[in-house]
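Colleague: Shown below is the structure under consideration.
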């Protein structure tokens, strides 16, 4: 009889996790940011700090979620957007890596048509 704490996830939970991982890989690996957007995100990361100093909680707290297009449009709350940013950037469990930062904005890039709008989103 196995230990209950070490049991394998139920098949439906495991299937959902696999689907989420595949969705993430399909969209992030596709590289949705064009060169202008990638360069903008890269410059911002460099300005903010580096992989030894960037803290997800501090970044989420400083993030002006009220300026996010979904908040401005009334589709989401600022708290929801801020929580999403924190969750994405804290995924590594330590300082925010350049890869996590780029991956987050790569996903955001999917929803924004114009480069100027995307830059405004990143600046927020």
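In this note's numbering, the protein residues as written are 9 to 132.
Backbone N, C-alpha and C fix where the C-beta goes; we use that ideal spot for every residue, glycine too.
Please classify residue 120: is it buried, with 16 or more other beta-carbons within 10 angstroms of its beta-carbon, or exposed?
Modeller: Indexing the chain shown from 1 puts residue 120 at position 112. In the assembly as shown, residue 120 is a buried residue. Its beta-carbon has 16 or more other beta-carbons within 10 Å.
Colleague: Count the other CB atoms within 10 Å of the CB of residue 47; is the residue buried (16 or more) or exposed (fewer)?
Modeller: For the purposes of this step, residue 47 is taken as the residue at position 39 of the chain shown. Residue 47 should be labelled exposed.
Colleague: Mind checking residue 99: buried by the 16 CB within 10 Å criterion, or exposed?
Modeller: The count along the chain shown starts at 1 and reaches residue 99 at position 91. Around the beta carbon of residue 99, fewer than 16 other beta carbons sit within 10 angstroms, so the residue counts as exposed.
Colleague: Which residue marks the beginning of the alpha helix (DSSP H) containing residue 79, and which one marks its end?
Modeller: Counted from its first residue, the chain shown places residue 79 at position 71. Here the alpha helix (DSSP H) through residue 79 covers 77-80.
Colleague: Under 8 Å, with one C-beta from each stretch per pair, do the segment 75-86 and the segment 116-132 reach the 3-pair mark?
Modeller: yes
Colleague: Would you grab the beta carbon distance between residue 108 and residue 97 for me? Rounded to a whole angstrom, and I think it's under 8 Å.
Modeller: What you label residue 108 is simply residue 100 of the chain shown in a count that begins at 1. What you label residue 97 is simply residue 89 of the chain shown in a count that begins at 1. So it is a contact: roughly 6 Å between Cβ atoms.
Colleague: Is it the case that the Cβ atoms of residue 49 and residue 110 are separated by a distance below 8 Å?
Modeller: Stepping through the chain shown from its first residue, residue 49 is reached at position 41. Stepping through the chain shown from its first residue, residue 110 is reached at position 102. Yes, the Cβ-Cβ distance between residue 49 and residue 110 is below 8 Å.
Colleague: Find the nearest neighbour of residue 68 within the set 81, 58, 59 and 86, judged by alpha-carbon distance.
Modeller: Along the chain shown, one-based indexing puts residue 68 at 60. For residue 68, the nearest C-alpha among the options comes from 86.
Colleague: At what residues does the alpha helix (DSSP H) containing residue 85 begin and finish?
Modeller: Stepping through the chain shown from its first residue, residue 85 is reached at position 77. Unbroken run through residue 85: none, as it is neither H nor E.
Colleague: Determine the direct distance from the alpha carbon of residue 44 to that of residue 112, and round the result to whole angstroms.
Modeller: In the chain shown, counting from the first residue as 1, residue 112 sits at position 104. In the chain shown, counting from the first residue as 1, residue 44 sits at position 36. Straight-line measurement puts the Cα of residue 44 at about 16 Å from the Cα of residue 112.
Colleague: Quick check on DSSP: helix, strand or coil for residue 49?
Modeller: Within the chain shown, numbered from 1, the residue matching residue 49 stands at position 41. Under the three-state reduction of DSSP output, residue 49 falls in the helix class.
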